[in-house]
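For the numbering used here, add 2 to where a residue sits in the sequence shown, where the first one is 1. For each residue, glycine too, the CB sits at the ideal point set by N, CA and C.
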Amino acid sequence: MIEAAKIWNEPNNKSHWDILLDPDWARFAELAIAAGKAIRSAHPTLPRVLGGMSPIDPGFMRTMQAHGVLDHVDAVAVHGFPLDWNLWQIDQWPSKLAEIQAEVALPVWVTEVGVSSFGAEQVQAWGLERTAELLIGRAPRIHWYSLYDLPSTWEATTRHREAEGSSYYRHFHMGLLREDGSPKQALELYGRCAPSMGLCQWFHYEDHRLQDAADWMRRLGVRHLRTGLSWADSFRPDALAWFDRQMDALAEFDVTLTFCFTPEHRGIAPHHTSPPLDANEFADFCAQMIERYCVRTGAVPSPAFLEPESKPLCAL
3 MIEAAKIWNE PNNKSHWDIL LDPDWARFAE LAIAAGKAIR SAHPTLPRVL
53 GGMSPIDPGF MRTMQAHGVL DHVDAVAVHG FPLDWNLWQI DQWPSKLAEI
103 QAEVALPVWV TEVGVSSFGA EQVQAWGLER TAELLIGRAP RIHWYSLYDL
153 PSTWEATTRH REAEGSSYYR HFHMGLLRED GSPKQALELY GRCAPSMGLC
203 QWFHYEDHRL QDAADWMRRL GVRHLRTGLS WADSFRPDAL AWFDRQMDAL
253 AEFDVTLTFC FTPEHRGIAP HHTSPPLDAN EFADFCAQMI ERYCVRTGAV
303 PSPAFLEPES KPLCAL
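Below, the structure is given as structure tokens:
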């Protein structure tokens, strides 16, 4: 079931939105408002979540408020990786949430949080346990990033190898499973938290891991999944067949579906981080996907989950 639609990913991160082309986020605001309206038109109650901030920045929220974006979403989201990239400590999670909660009257979700095993698997396991202690009961949705390590042959677009050294390679080791599919120490710990702490797992076009991922999530007891459908991928041959296969494989989970990535030929610049030439084209894509995977299936999510679930914590 589609339980929420997420508009873009990390719009205040240069790896996902070209702020040189849009330094005051006015173009992003136009895109987000158009998408929010289109999603609401396609489905009258589906919650709309603003793409997760990375870094967590109250000033960015004030900018979104000033542009009118918060009038067209039902929740906002943050991403945090304090043991790997952020300049704050893991125990600051409650205060980081409070900074955003003080700025908005909307629920604040944590749609990406994770720890790399690049240095040691024990660090990841401890970080997962501490994250669960700090966040469960404080946020309506928490999505752990991620199930799989990145394949070593991939280029990680969110970090720049030459300039940032080990921070680039950390991104390849965020999974609970190694590249060969074998489990890490943190996997068993995660399974104890899975009902309260969902997963964030991205699938690339025709991803060979799709069915294996669904099988793992079923075994782990995952209820809530965040994934995405790429506007850029929608122009590939047989894109709808791939989207259908992906969504069919994930139908048993409560999915927060992220829409993002500009097709090169539809951007101001030829890159997936570029603002689009026409924000309404992105909005139309969002509406079409909601029509296809939410409205036609009769899935009607409950708005009750916009508030945090009460503890108990997972038994770690």
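Residue nearest to glycine 193 within the set Phe62, Ala285, Ala134 and Phe261 is Ala134 (criterion: CA-CA distance). With a cutoff of 8 Å on beta-carbon distance, valine 110 and valine 80 are scored as near each other. Here asparagine 15 is not near serine 43, since their CB atoms are 8 Å or more apart. For tryptophan 146, the uninterrupted beta strand (DSSP E) run begins and ends at 144 to 147, by DSSP. Apart from sequence neighbours up to five positions away, the residues of its chain that approach proline 13 with a beta-carbon distance below 6 Å are Trp19, Phe30 and Gly53, ordered along the chain.
In summary, glycine 70 is exposed, with fewer than 16 beta-carbon neighbours lying within 10 Å of its beta-carbon over all protein chains present.
Secondary structure of aspartate 59 (DSSP, three-state): coil. For glutamate 114, the uninterrupted beta strand (DSSP E) segment begins and ends at 110 to 115.
For the beta strand (DSSP E) assignment, the uninterrupted runs of no fewer than 3 residues enclosed by the region 201 to 259 are, from N- to C-terminal side, 226 to 232. Remark: C-beta atoms of isoleucine 102 and valine 78 approach each other more closely than 8 Å. For alanine 134, the enclosing alpha helix (DSSP H) covers residues 123 to 137. Checking the DSSP bridge columns, you'll see cysteine 262 partnered with Ser232. Per DSSP, lysine 8 lies in no alpha helix (DSSP H); the unbroken beta strand (DSSP E) holding it starts and ends at 4 to 9.
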